[in-house]
Amino acid sequence: MKNNDKSFLWCVLAALHPVGKNAERVSKYLPFVKEMNLDNISFPTPLSQIGRFEKTNNISINVFDFDREVFPLKVTTAGKESHINLLLISDGEKRHYTLIKNMNRLLFRVYSQKINTCEKNPEISSTEPITRHVPCGFACVVVGPNGRVVTPPTVYRGEDAVDNFLKNLIKGEYWILRKIFEVKPMVSTEADKNKPCQAAVNCTVCEPPLNGNRFGTMIT
Numbered sequence: 002m003k004n005n006d007k008s009f010l011w012c013v014l015a016a017l018h019p020v021g022k023n024a025e026r027v028s029k030y031l032p033f034v035k036e037m038n039l040d041n042i043s044f045p046t047p048l049s050q051i052g053r054f055e056k057t058n059n060i061s062i063n064v065f066d067f068d069r070e071v072f073p074l075k076v077t078t079a080g081k082e083s084h085i086n087l088l089l090i091s092d093g094e095k096r097h098y099t100l101i102k103n104m105n106r107l108l109f110r111v112y113s114q115k116i117n118t119c120e121k122n123p124e125i126s127s128t129e130p131i132t133r134h135v136p137c138g139f140a141c142v143v144v145g146p147n148g149r150v151v152t153p154p155t156v157y158r159g160e161d162a163v164d165n166f167l168k169n170l171i172k173g174e175y176w177i178l179r180k181i182f183e184v185k186p187m188v189s190t191e192a193d194k195n196k197p198c199q200a201a202v203n204c205t206v207c208e209p210p211l212n213g214n215r216f217g218t219m220i221t
């Protein structure tokens with residue numbers, strides 16, 4: 002395709018308006034140029050501007066590169082109905098976009114066989130259900146901060162195992178919250194009060210060393 006500076010534009014138009022004969026001729030796509038919003042898009046088009054082009058034209062575009070094998074340069078996050086895959090060919094500072102019409106026909110490695118790819122189709126599921134997992138029971142305990150079990154184990158088996166499991170979690174939550182927010186008064190004995198004083202080396206008020214004199218430090 003000639004007019005390499007605008008190869009990005011011609012590839013996009015070739016994808017949106019495919020022709021059966023002489024698809025490499027720019028003249029085939031000139032009538033459709035006005036359909037594109039090219040505001041703030043320069044030619045040749047750098048990768049950094051493709052995201053803007055996607056948003057203003059409601060198109061999603063992937064760009065791949067080739068260096069002994071094909072690898073993605075830009076993977077779209079848009080996932081629009083009009084989706085285009087491009088291959089960017091580089092030769093020094095020269096760059097040229099080419100349209101990938103069929104990903105499965107693209108040679109992914111020059112020394113290996115073709116690799117089949119599968120693009121996502123949001124309307125079709127590729128998952129084949131072969132069985133169904135049905136919860137039949139549960140067992141749970143409450144473990145304290147020291148790693149010890151603090152409640153007897155709850156064991157249940159039945160068709161309504163999920164409902165009972167959730168009810169048990171809610172019940173356990175109430176029990177734990179009561180324990181967390183339970184306020185108990187501090188219990189302090191005379192011996193507890195005097196322990197810091199007996200172990201003190203310096204006066205807690207004026208900070209000089211006590212030198213074995215504990216008189217006056219027994220303050221409660």
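Taking our numbering, the leading residue of the sequence shown gets 2, the next gets one more, and so forth.
All C-beta atoms, glycine included, are put in the ideal place defined by N, C-alpha and C.
query	result
I'd like to check one pair, N63 with Q50: are the Cβ atoms closer than 9 Å?	no
Answer yes or no: do G233 and N165 have a C-beta to C-beta separation smaller than 9 Å?	The structure shown does not extend to residue 233, since the chain is modelled only from 2 through 221, so no value can be given for it.
Over the uninterrupted alpha helix (DSSP H) stretch that includes R53, give me the two end residues.	51 to 58
Which residues in the same chain as C141 place their Cβ atom closer than 6 Å to its Cβ, once the five residues preceding and following it in sequence are excluded?	T155
I need the DSSP call for I90, collapsed to helix, strand or coil.	strand
Is it right to say E55 is buried, meaning 16 or more other beta carbons lie within 10 angstroms of its own, or is it exposed?	buried
Say whether the region 88 to 99 touches the region 5 to 21, bearing in mind that this needs 3 or more beta-carbon pairs closer than 8 Å, one atom from each stretch.	yes
I90 to I125, Cα distance in whole Å?	33 Å
May I ask you to report which of helix, strand or coil DSSP gives A140?	strand
Given a cut-off of 9 Å on the beta-carbon distance, is the pair V151 and V143 in contact?	yes
Look at the Cβ atom of I85, then the Cβ atom of V13, and state whether they are nearer than 9 Å.	yes
Pick helix, strand or coil for E70, following the three-state DSSP scheme.	strand
Exposed or buried, which one is Y30 when buried takes at least 16 other CB atoms within 10 Å?	buried
Whose C-beta lies closer than 6 Å to the C-beta of P210 among residues of the same chain, with five residues either side of it excluded?	N203
One question on the structure: do L88 and L48 come within less than 9 Å of each other, judged by their Cβ atoms?	no
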